[in-house]
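Read through the structure below, which is laid out as C-alpha coordinates, and then see the notes.
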Amino acid sequence: MRSDSRLSRMLHVLLHMARHDAPFTSEQLAQMLRTNPVVVRRTMAGLRDAGYVRSDKGHGGGWTIACDLHKVTLLDIHRAVGGPNIFAIGVESDNPECAVERAVNAALDGALREAEAILIARLGAVSLADLAQNFDVLCAQHEATAN
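For the sequence shown, our numbering assigns the number 247 to the initial residue and increments by one for each residue that follows.
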(Lines of atoms letter the chains of each structure in order from A; the text may use other names.)
(Lines give C-alpha, C1' and ligand atoms only; values in the text may rest on other atoms or scores of the structure.)
Protein backbone atom coordinates (compact mmCIF):
# COMPACT_ATOMS: atom_id res chain seq x y z
CA MET A 247 0.00 0.00 0.00
CA ARG A 248 1.35 3.40 -0.98
CA SER A 249 1.60 5.97 1.82
CA ASP A 250 0.11 9.45 1.56
CA SER A 251 3.00 11.91 1.30
CA ARG A 252 1.05 15.18 0.99
CA LEU A 253 2.09 16.39 4.44
CA SER A 254 5.82 15.79 3.97
CA ARG A 255 5.74 17.16 0.42
CA MET A 256 3.95 20.36 1.43
CA LEU A 257 6.23 20.86 4.42
CA HIS A 258 9.14 20.56 1.97
CA VAL A 259 7.56 23.24 -0.23
CA LEU A 260 6.76 25.53 2.70
CA LEU A 261 10.34 25.41 4.00
CA HIS A 262 11.68 26.34 0.59
CA MET A 263 9.15 29.17 0.38
CA ALA A 264 10.07 30.42 3.84
CA ARG A 265 13.72 30.71 2.85
CA HIS A 266 13.21 32.12 -0.65
CA ASP A 267 12.53 35.78 -1.42
CA ALA A 268 10.68 35.32 -4.71
CA PRO A 269 7.44 33.47 -5.45
CA PHE A 270 7.57 29.90 -6.75
CA THR A 271 5.48 28.99 -9.78
CA SER A 272 3.46 25.79 -9.80
CA GLU A 273 5.83 24.53 -12.48
CA GLN A 274 8.89 25.14 -10.29
CA LEU A 275 7.24 23.39 -7.35
CA ALA A 276 6.17 20.51 -9.57
CA GLN A 277 9.73 20.09 -10.79
CA MET A 278 11.00 20.15 -7.20
CA LEU A 279 8.47 17.49 -6.17
CA ARG A 280 8.70 15.49 -9.41
CA THR A 281 4.99 15.77 -10.07
CA ASN A 282 2.52 17.61 -12.28
CA PRO A 283 1.78 21.36 -11.82
CA VAL A 284 -1.94 20.53 -11.65
CA VAL A 285 -1.30 18.31 -8.63
CA VAL A 286 0.67 21.14 -7.02
CA ARG A 287 -2.11 23.68 -7.61
CA ARG A 288 -4.75 21.31 -6.25
CA THR A 289 -2.78 20.62 -3.09
CA MET A 290 -1.67 24.23 -2.61
CA ALA A 291 -5.31 25.34 -2.86
CA GLY A 292 -5.96 23.83 0.57
CA LEU A 293 -3.05 25.78 2.03
CA ARG A 294 -4.27 28.96 0.32
CA ASP A 295 -7.83 28.47 1.60
CA ALA A 296 -6.44 28.09 5.13
CA GLY A 297 -4.46 31.33 4.72
CA TYR A 298 -1.00 29.74 4.91
CA VAL A 299 0.08 30.65 1.36
CA ARG A 300 -1.04 33.10 -1.28
CA SER A 301 -0.90 32.93 -5.04
CA ASP A 302 -0.48 35.83 -7.44
CA LYS A 303 -1.17 35.48 -11.15
CA GLY A 304 0.75 36.93 -14.03
CA HIS A 305 4.36 37.76 -14.72
CA GLY A 306 6.35 37.59 -11.50
CA GLY A 307 3.49 35.79 -9.75
CA GLY A 308 3.44 32.47 -7.99
CA TRP A 309 3.10 30.99 -4.53
CA THR A 310 4.41 32.71 -1.38
CA ILE A 311 4.12 32.19 2.37
CA ALA A 312 1.26 34.17 3.91
CA CYS A 313 1.41 33.09 7.55
CA ASP A 314 3.45 33.50 10.70
CA LEU A 315 5.58 30.35 10.88
CA HIS A 316 5.42 30.44 14.68
CA LYS A 317 1.62 30.14 14.69
CA VAL A 318 1.16 27.26 12.25
CA THR A 319 1.78 23.65 13.28
CA LEU A 320 2.41 20.48 11.35
CA LEU A 321 -1.10 19.39 12.35
CA ASP A 322 -2.53 22.57 10.80
CA ILE A 323 -0.78 21.75 7.53
CA HIS A 324 -1.95 18.12 7.66
CA ARG A 325 -5.53 19.30 7.99
CA ALA A 326 -5.18 22.00 5.30
CA VAL A 327 -3.93 19.58 2.66
CA GLY A 328 -6.81 17.23 3.37
CA GLY A 329 -4.59 14.58 4.85
CA PRO A 330 -6.15 11.20 5.46
CA ASN A 331 -7.00 9.73 8.80
CA ILE A 332 -3.84 9.31 10.80
CA PHE A 333 -4.15 5.51 10.59
CA ALA A 334 -5.49 3.49 7.71
CA ILE A 335 -5.95 0.40 9.87
CA GLY A 336 -9.18 -0.13 11.73
CA VAL A 337 -11.80 -2.63 12.77
CA GLU A 338 -13.82 -4.86 10.42
CA SER A 339 -17.25 -3.68 11.58
CA ASP A 340 -18.49 -1.36 14.29
CA ASN A 341 -21.19 -3.62 15.76
CA PRO A 342 -20.14 -7.23 15.17
CA GLU A 343 -22.28 -10.13 16.32
CA CYS A 344 -19.22 -12.34 16.84
CA ALA A 345 -17.78 -12.19 20.37
CA VAL A 346 -14.25 -12.76 19.05
CA GLU A 347 -14.58 -9.78 16.70
CA ARG A 348 -15.91 -7.62 19.56
CA ALA A 349 -12.86 -8.55 21.68
CA VAL A 350 -10.50 -7.78 18.79
CA ASN A 351 -12.24 -4.45 18.11
CA ALA A 352 -12.00 -3.44 21.77
CA ALA A 353 -8.26 -4.13 21.81
CA LEU A 354 -7.60 -2.34 18.52
CA ASP A 355 -9.85 0.64 19.20
CA GLY A 356 -8.08 1.52 22.42
CA ALA A 357 -4.60 1.12 20.98
CA LEU A 358 -5.43 3.12 17.84
CA ARG A 359 -7.05 5.94 19.81
CA GLU A 360 -4.01 6.20 22.09
CA ALA A 361 -1.54 6.16 19.19
CA GLU A 362 -3.55 8.72 17.23
CA ALA A 363 -3.75 11.04 20.25
CA ILE A 364 0.03 10.87 20.69
CA LEU A 365 0.71 11.60 17.01
CA ILE A 366 -1.81 14.45 16.86
CA ALA A 367 -0.30 15.99 19.99
CA ARG A 368 3.19 15.71 18.52
CA LEU A 369 2.18 17.26 15.16
CA GLY A 370 0.37 20.02 17.04
CA ALA A 371 3.45 20.79 19.12
CA VAL A 372 5.81 21.44 16.20
CA SER A 373 5.50 24.77 14.40
CA LEU A 374 6.69 25.63 10.94
CA ALA A 375 9.19 27.93 12.67
CA ASP A 376 10.60 24.94 14.58
CA LEU A 377 10.97 23.05 11.32
CA ALA A 378 12.60 26.05 9.61
CA GLN A 379 15.05 26.44 12.50
CA ASN A 380 16.03 22.78 12.23
CA PHE A 381 16.47 23.22 8.47
CA ASP A 382 18.76 26.22 9.09
CA VAL A 383 20.88 24.22 11.55
CA LEU A 384 21.24 21.35 9.07
CA CYS A 385 22.26 23.78 6.31
CA ALA A 386 24.85 25.40 8.56
CA GLN A 387 26.25 22.00 9.51
CA HIS A 388 26.46 21.02 5.85
CA GLU A 389 28.28 24.23 4.96
CA ALA A 390 30.70 23.76 7.84
CA THR A 391 31.62 20.25 6.71
CA ALA A 392 31.90 21.29 3.06
CA ASN A 393 34.52 23.95 3.84
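Beta carbons are placed, not taken as given, at the ideal position from N, Cα and C, and that holds for glycine.
So, is residue i buried or exposed, given that buried needs 16 or more other C-beta atoms within 10 angstroms?
| i | result |
| --- | --- |
| Ala326 | buried |
| Arg395 | Only positions 247 to 393 of the chain appear in this structure, which leaves residue 395 out of reach. |
| Ile364 | exposed |
| Asp295 | exposed |
| Ile366 | exposed |
| Asp383 | In the sequence as presented, Asp is not what sits at residue 383; that position holds Val. Label assigned to Val383: exposed. |
| Gly308 | buried |
| Thr281 | exposed |
| Thr391 | exposed |
Which one or two residues does DSSP pair with residue i in a beta bridge?
| i | result |
| --- | --- |
| Gly308 | Asp302 |
| Thr319 | Ser373 |
| Phe270 | Trp309 |
For the alpha helix (DSSP H) containing residue i, list its first residue and its last residue.
| i | result |
| --- | --- |
| His266 | Neither: His266 is in no alpha helix (DSSP H) and is coded neither H nor E. |
| Pro283 | 283–295 |
If I'm right that residue i touches residue j with Cβ under 8 Å, what's the distance once you round it to whole angstroms?
| i | j | result |
| --- | --- | --- |
| Leu315 | Ala268 | So it is not a contact: roughly 18 Å between Cβ atoms. |
| Leu293 | Leu374 | That belief does not hold up - the Cβ atoms of Leu293 and Leu374 are roughly 11 Å apart, past 8 Å. |
| Ala264 | Ile311 | 5 Å |
Which residue wins for smallest C-alpha separation from residue i, given the options the options?
| i | options | result |
| --- | --- | --- |
| Val318 | Arg252, Leu257, Ser301, Trp309 | Leu257 |
| Phe270 | Thr281, Arg300, Val285, Glu362 | Arg300 |
| Leu320 | Ala390, Asp376, Asp382 | Asp376 |
| Asp250 | Met290, Thr310, Gly328 | Gly328 |
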